[in-house]
Structures are given as C-alpha cells and as structure tokens.
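Residue numbers (this note's numbering): 612 to 752.
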C-alpha cells in the first residue's frame, strides 16, 4: 500500500512540522495528521508522525500547566505585595500612635515628686498609723 513516491514528501512534511514544533509553533502540526492518515505513506513514517503528534499534545499540556502556574504565582505575588503595603501602612499608623503616647521618664523629676508627697503632714500621719498598726499586729498572740 505504501509507495516510495509518497515517502519523500511525507519525510519533508515531517521535517518541516518538527522544525515548527522546535520553534514553538504548535499550530503548524496539520502536516502530522495528513501523514498519519495517508495510507500511501509507509507505516514506519506514519508511526513516527503519530509519535510526534503525541509529543506535541504533551508539550502543549505542560506549557498550559506552566502558564497556569505562572498566572497563579503572579496573582500570589500581587496579593503579597498588597499585604506588604497594608502592613507597612498599619506599621506607620501604629508608629504615629505610639509617638503620641510616648512618655518620657525623667528620674530626677520622679524623685522630686516622691519627695514632695513624702514631705507632707498627711503622708507622715499615714506612716505613723501604719507603723502603729504593724506593731499592734506583731505583738498579738
């Protein structure tokens, strides 16, 4: 059924299609189908064309999957960038709020405040009452 005359054009078509595949042009694979269905082309050449056809389907599937992964990663990156911007904004707002609430502790001023309170008659009276109460409870059986 196959003829040597059909073999040369089939091999040329196969070579042309393989070159297109190698260059990422998967739309140029119609020649493979023509070779696979042509009963005048030797069985070995048709089998080779069918193998290449199967390879194209697998490559296209991988490329599709890869492009989906790239889209997913791009979307994830976009979401992370938005989250990072939001965190930066919130951190800035918290810093502003913290700066408003910042209290400077001055040890000397605190010491003077304590001395002021301790130097009042009311505080001395409280100290005396506390001392009296402690000694009363210490001496109880």
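By construction, the Cβ of each residue, glycine as well, lies at the ideal position given by its N, Cα and C atoms.
Check whether chain C comes within 9 Å of residue i, counting only Cβ atoms and requiring the distance to be less than that.
| i | result |
| --- | --- |
| residue 656 | Absence of chain C from the displayed structure is noted, only one protein chain being present. |
Is the CB-CB distance between residue i and residue j below 9 Å?
| i | j | result |
| --- | --- | --- |
| residue 663 | residue 685 | no |
Can you tell me whether residue i is helix, strand or coil according to DSSP?
| i | result |
| --- | --- |
| residue 755 | Shown here, the chain extends from 612 to 752; a query on residue 755 therefore has no answer. |
| residue 755 | Nothing can be reported for residue 755, as the shown portion of the chain is limited to 612 through 752. |
| residue 676 | helix |
| residue 650 | coil |
| residue 628 | helix |
| residue 730 | coil |
| residue 645 | helix |
| residue 710 | helix |
| residue 750 | coil |
Report, in whole angstroms, the separation of the C-beta atoms of residue i and residue j, which I expect to be a contact under 8 Å.
| i | j | result |
| --- | --- | --- |
| residue 621 | residue 652 | 4 Å |
| residue 734 | residue 728 | 6 Å |
Using only alpha-carbon positions, find the residue among the options that is nearest to residue i.
| i | options | result |
| --- | --- | --- |
| residue 624 | 642, 739, 631, 632 | 642 |
Stretch pair the region 627-641 + the region 663-682: three plus CB contacts closer than 8 Å
Contact between the region 627-641 and the region 663-682 is present: three or more C-beta pairs spanning the two stretches fall below 8 Å.
At least 3 beta-carbon pairs within less than 8 Å: the region 655-663 vs the region 671-683
no
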